[in-house]
Amino acid sequence: MDNQFLYAFLLTAFAGLSTGIGSAIALFTHHTNRKILSFSLGLSAGVMIYVSFVELLYEARIDLTALMGERPGNLVAAAAFFGGMLLAGMIDKLVPDIENPHEIRQVESMDGQGTTNSAATRQRLARMGLMTALAVTIHNFPEGIATFVAASDASGIGIAIAVAIAIHNIPEGIAVFIPIYFATQNKKKAFWYSFLSGVSEPVGAVVGYLLLMPFMTPEVMACLFAAVAGIMVYISLDELLPAAQEYGEHHLSIYGLVTGMAVMAASLILLI
98 MDNQFLYAFL
108 LTAFAGLSTG
118 IGSAIALFTH
128 HTNRKILSFS
138 LGLSAGVMIY
148 VSFVELLYEA
158 RIDLTALMGE
168 RPGNLVAAAA
178 FFGGMLLAGM
188 IDKLVPDIEN
198 PHEIRQVESM
208 DGQGTTNSAA
218 TRQRLARMGL
228 MTALAVTIHN
238 FPEGIATFVA
248 ASDASGIGIA
258 IAVAIAIHNI
268 PEGIAVFIPI
278 YFATQNKKKA
288 FWYSFLSGVS
298 EPVGAVVGYL
308 LLMPFMTPEV
318 MACLFAAVAG
328 IMVYISLDEL
338 LPAAQEYGEH
348 HLSIYGLVTG
358 MAVMAASLIL
368 LI
């Protein structure tokens, strides 16, 4: 059991610290491949939506109806699902729009365009970068719990969810990197701020483990799966798909969405 929890924690750490991939893109490249990012974000949304409805919510309903009866089990599963969506929405409301980590930023904007030596402007950009890092940290906390809970199950879906969350964190890494670089002209400092903003996901995993595992029952675990499904559906509809469409053509994001669902469907069939 301890090995399963370690496995879940490592997957969550991988997902969270993938903000560093966005940092590396901004650090080492001069061009944002909008088509790849658009397709990848759509793919990530497809994986998360398919897993949420076909695996997590379905399993939660099966377990809860077996434990509580048909009507109460379905009612609790639905309440947990929408509770997860409500939690994700409330956390999203805590972040001001101007510091939203999902605002589209491109590596090309570091090529000297829009930069200034004004001390006031540098201070404003530094604040924007730090607040964006804080926003990413707040957003990533429930994602860490979601990834950890899914990876704690032995079905194998944790890997798919961790990869989907990792893809989703790449633009967030860019969003933190760029304003801090503008403010400081220091790529290394911008890289580390961006990289460390993803630490909240493994922290979320640890908090989830410490707070929830001592009270874990089959009913609680089933409710957690339903809530995680709600969190991931909200993330997909509110963050991933809008960002995917802004990065590239509408159809690319939809192709990615369908591909993600198809890959996840095939993976689950092979896991059975």
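In our numbering, the protein residues as written are 98 to 369.
The C-beta atom is built at its ideal place from N, Cα and C for all residues, glycine as well.
- In this structure, G117 lies near S291, with their beta-carbon atoms less than 8 angstroms apart.
- In the three-state reduction of the DSSP assignment, N266 falls in the helix class, which pools H, G and I.
- The beta carbons of I351 and G139 sit about 6 angstroms from each other, so the pair counts as a contact at 8 angstroms.
- Here DSSP, grouped into helix, strand and coil, assigns L161 to helix.
- For the pair G353 and G170, the CB atoms are not nearer than the 8 angstroms cut-off.
- Taking all protein chains shown into account, R168 has fewer than 16 neighbouring C-beta atoms within 10 Å of its C-beta and is therefore exposed.
- Put simply, of F150, L164, L349 and A287 the residue whose alpha carbon is nearest the alpha carbon of V325 is F150.
- Bounds of any alpha helix (DSSP H) do not take in V296, whose DSSP letter is neither H nor E.
- Setting aside the 5 residues that flank it on each side, A105 is surrounded in the same chain by F245, A248 and S249, each with a C-beta closer than 6 angstroms to its C-beta; the list follows chain order.
- The beta carbons of Y306 and F111 sit no closer together than 8 angstroms.
- When the Cα atoms are used, V360 and A340 turn out to be separated by approximately 21 angstroms.
- C-alpha of Y278 to C-alpha of R131: approximately 21 angstroms in a straight line.
- The segment 145-160 makes no contact with the segment 280-287, as fewer than three CB pairs between them are under 8 angstroms.
- Counting only the Cα atoms, M187 lies some 22 angstroms from V317.
- Counting only residues of its own chain and dropping the five nearest sequence neighbours on each side, A185 has a CB closer than 8 angstroms to the CB of P239, G327, I328, Y331, I332 and D335.
- For the pair L124 and K286, the CB atoms are not nearer than the 8 angstroms cut-off.
- For G117, the three-state secondary structure derived from DSSP is helix.
- Cα atoms of F179 and D189: separation of roughly 15 angstroms, rounded to the nearest angstrom.
- The beta carbon of S137 sits closer than 7 angstroms to those of I264 and G353, all from its chain and outside the five residues before and after it, given in chain order.
- Per DSSP, E316 is one residue of the alpha helix (DSSP H) stretching across P315 to I332.
- No residue range can be given for L191, since it is assigned to no alpha helix (DSSP H) and is classified by DSSP as neither H nor E.
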